[in-house]
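Colleague:
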Amino acid sequence: CEAVKKFFKAIVLALEEEIEEESDRDVNEAIGILSSIRKVTFTVHMFILQKVLSIINILTNKLQEKTATLGKASNLIEGIIASFGSLRTSVAFSELWGEISLFLNEHNILIEIPSLVITNFKKRFSSESLMMASSIDHFFNLNFNDSLHFINHYYSLINISKECLNSEMTVAKNVVVQNIGSDVNIDITNVIRVLSENQTVFPNLQKLFTIALTIPISSATCERSFSAMKKKKNWLRTSMLQDRFSNLSILYIEKDMSKNINSNDILNIFADKNRYLLLK
Numbered sequence: 006c007e008a009v010k011k012f013f014k015a016i017v018l019a020l021e022e023e024i025e026e027e028s029d030r031d032v033n034e035a036i037g038i039l040s041s042i043r044k045v046t047f048t049v050h051m052f053i054l055q056k057v058l059s060i061i062n063i064l065t066n067k068l069q070e071k072t073a074t075l076g077k078a079s080n081l082i083e084g085i086i087a088s089f090g091s092l093r094t095s096v097a098f099s100e101l102w103g104e105i106s107l108f109l110n111e112h113n114i115l116i117e118i119p120s121l122v123i124t125n126f127k128k129r130f131s132s133e134s135l136m137m138a139s140s141i142d143h144f145f146n147l148n149f150n151d152s153l154h155f156i157n158h159y160y161s162l163i164n165i166s167k168e169c170l171n172s173e174m175t176v177a178k179n180v181v182v183q184n185i186g187s188d189v190n191i192d193i194t195n196v197i198r199v200l201s202e203n204q205t206v207f208p209n210l211q212k213l214f215t216i217a218l219t220i221p222i223s224s225a226t227c228e229r230s231f232s233a234m235k236k237k238k239n240w241l242r243t244s245m246l247q248d249r250f251s252n253l254s255i256l257y258i259e260k261d262m263s264k265n266i267n268s269n270d271i272l273n274i275f276a277d278k279n280r281y282l283l284l285k
């Protein structure tokens, strides 16, 4: 490990020359070795292995002495065990990671995992999408001014008036506050309940609220539907009809609501249905 660290640049240079010349069959092996030693994992493993082997080498030299016995080496063994124990601390790892970082910077080896994570985060969560998500959350709370970014993006597409929308949001918010008794804990379910009871009263708010619910940036619960389909309709249930499959899927996807259903009410409805065998 010490030799690889010391002559790392020379090793890389020799492998690159071997690849460029393409003079023999060892080119493929050179490409594989060069790709491996340029990975962060190789450097981390090399430093850890060097640390471990350097400590073990002390005990090895002691036990290889002609007059060495296990009894004489007992104190040394206990010291080595304690040394390994001290390496399993955050302080020791921070020191080791500092050495690894210097080596990586010196040889221009990029830490790909954090870079890849950062790139994907920036790609998936751009400033525009985060701003839109925040604006939609404010819209769900019926805050007109804080949700203007979302409103300005869609109001012209569905041909609604911003002035009328502002008035409708104000009135709807007051109705929700009266229903729940507070303007702090306004929940989307309370807003949906008010809109469903007054569909013709808030036409502009109804249209924009429908769009806000369909934009997949407000919640990740939509992933439940895919996992539910795999669990409900597997190869053992291929003959299940679509209506039954849809009903079971809704019960599973909306399990937070279905848990609150009284099972006795369902049994009573089932028992009251017409049949030859009376259940009640």
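The sequence shown stops at residue 285 when you use our numbering, and every number in between is there.
The beta carbon of each residue, even a glycine, is placed where N, CA and C say it ideally should be.
For clarity, every value in this text was computed on a predicted model and none was experimentally measured.
#1: Which value, in whole angstroms, describes the spacing of the CA atoms of residue 57 and residue 25?
#2: Answer yes or no: does any C-beta atom of chain C fall closer than 8 Å to that of residue 176?
#3: Which runs of the alpha helix (DSSP H), 4 residues or longer, sit entirely within the region 152–203?
#4: Give the range of the alpha helix (DSSP H) segment to which residue 2 is assigned.
#5: Give a yes or no on whether the C-beta atoms belonging to residue 137 and residue 154 are separated by under 8 Å.
#6: Is residue 200 near residue 213, with beta carbons less than 8 Å apart?
#7: Mind the definition here: the region 158–166 touches the region 175–188 only if three or more C-beta pairs lie below 8 Å; say whether that holds.
#8: Give a yes or no on whether the C-beta atoms belonging to residue 53 and residue 89 are separated by under 8 Å.
#9: Out of 159, 161, 196, which one is the CA nearest neighbour of residue 173?
#10: Note down the Cα distance separating residue 85 from residue 108, rounded to an integer number of angstroms.
#11: Would you please state the rounded distance, in angstroms, between the beta carbons of residue 3 and residue 105? I believe it to be under 8 Å.
#12: What are the boundary residues of the alpha helix (DSSP H) that residue 9 is part of?
#13: With a cut-off of 8 Å on the beta carbons, I'd call residue 67 and residue 81 a contact; round off their distance for me.
#14: With burial defined as no fewer than 16 other Cβ atoms inside 10 Å of the residue's Cβ, what is the status of residue 20: buried or exposed?
#15: Would DSSP call residue 72 helix, strand or coil?
#16: Once you ignore the five residues that flank residue 142 on each side, which residues in its own chain have a CB closer than 6 Å to its CB?
#17: Near residue 152, which residues of its chain fall below 6 Å by C-beta distance, leaving aside the five closest residues on each side in sequence?
#18: To the nearest whole angstrom, what separates the beta carbons of residue 170 and residue 160, a pair I think is in contact under 8 Å?
#19: Taking only the alpha-carbon atoms, compute the straight-line gap between residue 275 and residue 157 and give it to the nearest angstrom.
#20: Please state whether DSSP places residue 261 in a helix, a strand or coil.
#21: Is residue 277 helix, strand or coil by DSSP?
#22: Buried or exposed for residue 258, going by 16 or more other Cβ atoms inside 10 Å?
#23: Taking its Cβ as the centre, do 16 or more other Cβ atoms sit within 10 Å of residue 33, making it buried, or is it exposed?
#24: Tell me, to the nearest whole angstrom, how far the beta carbon of residue 177 is from that of residue 207; I am working on the premise that it is less than 8 Å.
#25: Please work out which residues of its chain come closer than 7 Å, Cβ to Cβ, to residue 13, disregarding the five sequence neighbours upstream and downstream, and give them in chain order.
#26: For the candidate residues 115, 146, 253, 260, whose alpha-carbon lies nearest to that of residue 179?
Modeller: Looking at the atomic coordinates:
#1: Here residue 57 refers to the residue found at position 52 of the sequence shown. Here residue 25 refers to the residue found at position 20 of the sequence shown. For residue 57 and residue 25, the distance between alpha carbons rounds to 36 Å.
#2: In the structure shown, chain C does not exist; there is a single protein chain.
#3: Listed in chain order, the complete alpha helix (DSSP H) runs (minimum 4 residues) inside the region 152–203 are 153–159, 167–185, 193–202.
#4: Nothing about residue 2 can be read from this structure; the chain reaches only from 6 to 285.
#5: Locating residue 137 in the sequence shown gives position 132, counting from the first residue. Locating residue 154 in the sequence shown gives position 149, counting from the first residue. Residue 137 is a Cβ neighbour of residue 154, given a cutoff of 8 Å.
#6: One-based indexing of the sequence shown puts residue 200 at position 195. One-based indexing of the sequence shown puts residue 213 at position 208. Going by C-beta atoms, residue 200 is not nearer than 8 Å to residue 213.
#7: Taking 8 Å as the limit for Cβ pairs, the verdict is that the region 175–188 does not touch the region 158–166.
#8: Your numbering for residue 53 matches position 48 in the sequence shown. Your numbering for residue 89 matches position 84 in the sequence shown. No.
#9: Taking the sequence shown and counting its residues from 1, one reaches residue 173 at position 168. That would be 196, whose Cα lies nearest to the Cα of residue 173.
#10: Within the sequence shown, numbered from 1, the residue matching residue 85 stands at position 80. Within the sequence shown, numbered from 1, the residue matching residue 108 stands at position 103. In a straight line, the C-alpha of residue 85 is about 26 Å away from that of residue 108.
#11: Outside the modelled stretch of the chain, which goes from 6 to 285, sits residue 3, for which no answer is possible.
#12: Translated into positions along the sequence shown, residue 9 becomes position 4. That run of the alpha helix (DSSP H) goes 7–11.
#13: Numbered from 1 along the sequence shown, position 62 holds the residue referred to as residue 67. Numbered from 1 along the sequence shown, position 76 holds the residue referred to as residue 81. About 5 Å separates the beta carbon of residue 67 from that of residue 81, a gap short enough to meet the 8 Å contact definition.
#14: On the sequence shown, position 15 is the one that residue 20 refers to. Answer is buried; the Cβ neighbour count reaches 16.
#15: On the sequence shown, position 67 is the one that residue 72 refers to. DSSP places residue 72 in the coil class of the three-state scheme, outside both helix and strand.
#16: Locating residue 142 in the sequence shown gives position 137, counting from the first residue. None.
#17: The sequence position of residue 152 within the sequence shown is 147, counting from 1. Cβ within range, chain order: 140, 143, 144.
#18: On the sequence shown, position 165 is the one that residue 170 refers to. On the sequence shown, position 155 is the one that residue 160 refers to. Residue 170 to residue 160, Cβ: 7 Å. Contact.
#19: Locating residue 275 in the sequence shown gives position 270, counting from the first residue. Locating residue 157 in the sequence shown gives position 152, counting from the first residue. Looking at the two C-alpha atoms, the distance is approximately 49 Å.
#20: Taking the first residue of the sequence shown as 1, we reach residue 261 at position 256. Secondary structure at residue 261: helix, using DSSP grouped into helix, strand and coil.
#21: By 1-based counting over the sequence shown, the position of residue 277 is 272. DSSP places residue 277 in coil when its eight states are reduced to three.
#22: On the sequence shown, position 253 is the one that residue 258 refers to. By the neighbour-count definition (other C-beta atoms within 10 Å, threshold 16), residue 258 is a buried residue.
#23: For this step, residue 33 is matched to residue 28 along the sequence shown. Residue burial annotation: residue 33 is exposed, with fewer than 16 other C-beta atoms found within 10 angstroms of its C-beta.
#24: As a position in the sequence shown, residue 177 is number 172, starting the count at 1. As a position in the sequence shown, residue 207 is number 202, starting the count at 1. Going by Cβ atoms, the distance from residue 177 to residue 207 rounds to 6 Å, so yes, they are a contact pair.
#25: On the sequence shown, position 8 is the one that residue 13 refers to. A distance below 7 Å between beta-carbons, with the five flanking residues on each side excluded, links residue 13 to the following residues of its chain, in chain order: 112.
#26: Translated into positions along the sequence shown, residue 179 becomes position 174. Selection 115, 146, 253, 260 evaluated against residue 179 yields 146 as nearest (Cα-Cα).
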